[in-house]
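Quick note: the sequence shown, position 54, residue 53 per numbering that gives the first Met the number 0, numbers continuous. All C-beta atoms, glycine included, are put in the ideal place defined by N, C-alpha and C. Keep in mind the model is a prediction, meaning the values are calculated, not measured. First up is the structure itself, then whatever we jot down about it.
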Amino acid sequence: MAEVAIVSSAFGAGSIWRDGHAAWFGATKRSGACAFEVRRELMHDADAHPDALRALGTALAGSGLWPVWSTPDTLYADDGALNEMQLRHAVECGRALGARFVKLQLGGFAGEAHAARLAAILEELGVKGRAEASAPRVVVENGQLEQGGKLAQFTALFRALRAAGEDKLIGMTFDIGNWQWTGEAPLMAAVALAPNVEYIHCKAVVGEGARRFACAPAADDPLCRAALARLPSDVPRGIEFPFDEPRVEEDAARYVAWLASA
0 MAEVAIVSSA FGAGSIWRDG HAAWFGATKR SGACAFEVRR ELMHDADAHP DALRALGTAL
60 AGSGLWPVWS TPDTLYADDG ALNEMQLRHA VECGRALGAR FVKLQLGGFA GEAHAARLAA
120 ILEELGVKGR AEASAPRVVV ENGQLEQGGK LAQFTALFRA LRAAGEDKLI GMTFDIGNWQ
180 WTGEAPLMAA VALAPNVEYI HCKAVVGEGA RRFACAPAAD DPLCRAALAR LPSDVPRGIE
240 FPFDEPRVEE DAARYVAWLA SA
């Protein structure tokens, strides 16, 4: 059975803005999930201060959950340079929260991994290597934009890191649904990137073009099941689709059970 995380947005962005992340820790625990993904874009600035994040992390741990810190910050700037300031800030926030993973967007990676500099920063921050209880693991996610959402960028990134002898320097969050925004084939991406995947976001997609929306996969959804079969079975899986508002807790429990065994 895989560990399952619930991404805060599954409870509705409006609900998170109104009630705060902590209001949903109880429902997450009752659903059978192991983890909760805190999202920077759904927080007021004061709530993202290190002292506030430490308090939030303490509440999460008290609920019996481990956290993921998710930020829209990017590992690479638009010009392809390593985005050192955003990386440092993301790690500092994740450490304050007590996160197992610190998840960034890839951004403008253009072929140069800056492996030596990236390794030095992660070593300095004490987060080099796989996720441990004492230090968060940095992972990059495929996003919904062309920049930071193309398969070629990710294969080039991990190829460059391997060539530098740093193939395990960072990991990947593989978002099954996001590939469809950028016109990529999720199953092809799963085969190519499986060795680097350490966390999975699961969602189905409805609509076309820019008018696409995340939705819950059907029980027999062929894409999610096929993608999960090609990805590592021993990494956490995150629910990133909206629950039905009138029956949030029932939905959460049902989908946690489904995703844990899918």
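7 Å Cβ shell around residue i - same chain, five flanking residues per side excluded
i    : result
G31  : A252, V255, A256
H20  : S7, V37, L55
P71  : R39, E40, Q104
F242 : A9, F10, D250, A251
A225 : L186
Residues near residue i by beta carbon distance below 8 Å, same chain, minus five either side
i    : result
L230 : F173, A189, A193, V196, I199
Under the three-state DSSP convention, the category residue i falls into
i    : result
V247 : helix
C201 : strand
I5   : strand
G269 : The displayed coordinates of the chain run from 0 to 261. Any statement about residue 269 would go beyond what the structure contains.
V126 : coil
E140 : strand
K149 : coil
E165 : coil
A159 : helix
H20  : helix
E91  : helix
C33  : coil
S232 : coil
G176 : coil
D220 : coil
Nearest-angstrom Cα separation, counted from residue j out to residue i
i    : j    : result
E239 : L96  : 20 Å
E2   : A261 : 11 Å
A80  : E140 : 18 Å
L160 : E244 : 43 Å
C214 : Q143 : 15 Å
K28  : V204 : 26 Å
I5   : D77  : 30 Å
A163 : A115 : 8 Å
M84  : A217 : 41 Å
E91  : I169 : 16 Å
G63  : G206 : 37 Å
E145 : W68  : 23 Å
K102 : V138 : 5 Å
R158 : D18  : 43 Å
M42  : W16  : 7 Å
Contact set for residue i: own chain, Cβ-Cβ below 6 Å, skip 5 residues either direction
i    : result
L227 : A261
E248 : A26
Residues that residue i bridges to, as DSSP identifies them
i    : result
C214 : A203
A114 : Answer is none; A114 lacks a bridge partner.
R38  : S69
Y75  : L81, G106
I238 : I5, C201
M171 : V139, V196
F100 : V67, R136
Contact the region 174-185 vs the region 99-114: 3+ CB pairs below 8 Å: no
At least three beta-carbon pairs within less than 8 Å, the region 47-62 to the region 144-154: no
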